[in-house]
Structure formats: C-alpha cells, structure tokens
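A quick write-up on the structure given underneath.
As structure tokens, then:
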C-alpha cells in the first residue's frame, strides 16, 4: 500500500561530498586536491541534473524471509533482517542524469585522467544524493541503513519493480537493460526502513 509519493530535484549545492568516500573513490589521501580534480569537479557540477522519486509504502514481514512491500513480495534474508521490526519503508530512485553519462563517455576518449577522476567524483555525488534523500525523508523517525538491489542476497531483478513503483522512466528518465543495470549509469535505487 502506497502511503506517500515524493518527486524532487536536488540542487548541486546541496550535494555535499563525503571526503573519506571521495578519497577512496579517487584513490587519494583524505582532503587531497589538485588543479585537475578541481577542474573535473567544476565541470561535473555543471552537468549534474539530480532528481529523485520516492514512495513511502507499508512493510509486512512474513515467514521464511518473505517481505511484502505492497508492490512486490520479495524473498531476501538480508533485507528481511534489515527491515525487522519496521512497518514502513521508503523506496526511491535517484539519478545524476544523462548529461553526466555523456561527459564521462566524452572524457574516456579525450583524457583518461579526467575520465577516472570524473567517474569517481560522479559516484561520490551519487552517494551524496542518497544521503541528501535520507536526510529529507527522515523527519523525526529512526531510519534503517539504505538497502539496494545487489546487496546481500537481494536480487538485481528487484530493480525493475522499484523503478516501476517510483515511475522512474517517466519522472527520471531511468531505463533498465536486460542485465538489470540502469541508464543513466550514475543512478541508484534503494529501500530505507522507517521505525515508528
């Protein structure tokens, strides 16, 4: 059962990079920077068109690691454990947009150094977008850690149902290929349990 729907844009100035995660993605020490990284980040920020769609739904836990999220019955021991004692969850999809994909592909041809830096930064920005969404939906509730298809034993196939639920193709222009990978590439789907 759907309780609430949200569709919104995230301004790039609201995307705060986690320095530890960014350093790990760039394979640099924390807070390391140079002219090329600064250039790549500036160029990337100009291309980001970050949007998300989220749905608050009921959670019913059955027997044998069976989870009913109102839109799909899922079998997953890992997600079941994550959602134990939870009766609602936000299900969301977020993307940085197709312009980011085009920039990364262009840099792959023109400058491998800029390609690797920009790709790493784009992944860090995607993570920052997820953190922003979690902070927006939290209200005064306690949230469980984000859980995405592909984590633990949660199949990537669940991605198709999540994208359908949040109207991702219509609202975010996210499409899924036969391997259940999303386009734009810098897109994420997740389930976030909400404690009462």
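In our numbering, the protein residues as written are 173 to 368. Just so it is clear, CB atoms sit at the ideal spot from N, CA and C, and this is done for glycine as well.
Query: Sort out for me which residues DSSP pairs residue 180 with in a bridge.; Result: 224
Query: Comparing C-alpha positions only, which one of 211, 362 and 231 sits nearest to residue 317?; Result: 362
Query: Could you give the distance in angstroms between the alpha-carbon of residue 248 and the alpha-carbon of residue 352?; Result: 17 Å
Query: Measuring only the C-alpha atoms, how far is residue 259 from residue 301?; Result: 25 Å
Query: Nearest to residue 331 by CA position, among 220, 246, 298 and 275, is which residue?; Result: 246
Query: Beta-carbon separation of residue 319 and residue 251 under 8 Å?; Result: yes
Query: How would you write the range of the alpha helix (DSSP H) that residue 263 sits in, first residue to last?; Result: Per DSSP, residue 263 belongs to no alpha helix (DSSP H); it is in the beta strand (DSSP E), 260-267.
Query: Between the region 186-194 and the region 230-240, do at least 3 Cβ pairs fall closer than 8 Å?; Result: no
Query: Given a cut-off of 8 Å, decide if residue 266 and residue 323 are closer than it, judged by their beta-carbon atoms.; Result: no
Query: Identify the continuous beta strand (DSSP E) that holds residue 240 and give its terminal residues.; Result: 238-240
Query: For the ligand ZN, is there a heavy atom less than 7 Å away from the beta-carbon of residue 207?; Result: The ligand ZN is not part of the structure shown, which contains no ligands of any sort.
Query: Consult DSSP for residue 274 and reduce its assignment to one of helix, strand or coil.; Result: helix
Query: Just confirm the distance between the C-beta atoms of residue 185 and residue 222, as a whole number of angstroms; I'd bet it's less than 8 Å.; Result: That belief does not hold up - the Cβ atoms of residue 185 and residue 222 are roughly 11 Å apart, past 8 Å.
Query: To which residues of the same chain is residue 333 closer than 8 Å at the C-beta, ignoring the five residues directly before and after it?; Result: 243 and 244
Query: Among 347, 365 and 308, which one has its Cα closest to the Cα of residue 359?; Result: 347
Query: Ordered along the chain, which non-local residues of its own chain (more than five positions away) have a Cβ less than 7 Å from that of residue 338?; Result: 225, 226, 227, 263, 264 and 265
Query: For residue 297, name the three-state secondary structure that DSSP assigns.; Result: helix
Query: Taking only the alpha-carbon atoms, compute the straight-line gap between residue 279 and residue 205 and give it to the nearest angstrom.; Result: 19 Å
Query: When DSSP builds the beta bridges, which residues end up paired with residue 234?; Result: Bridge partners of residue 234: none, in fact.
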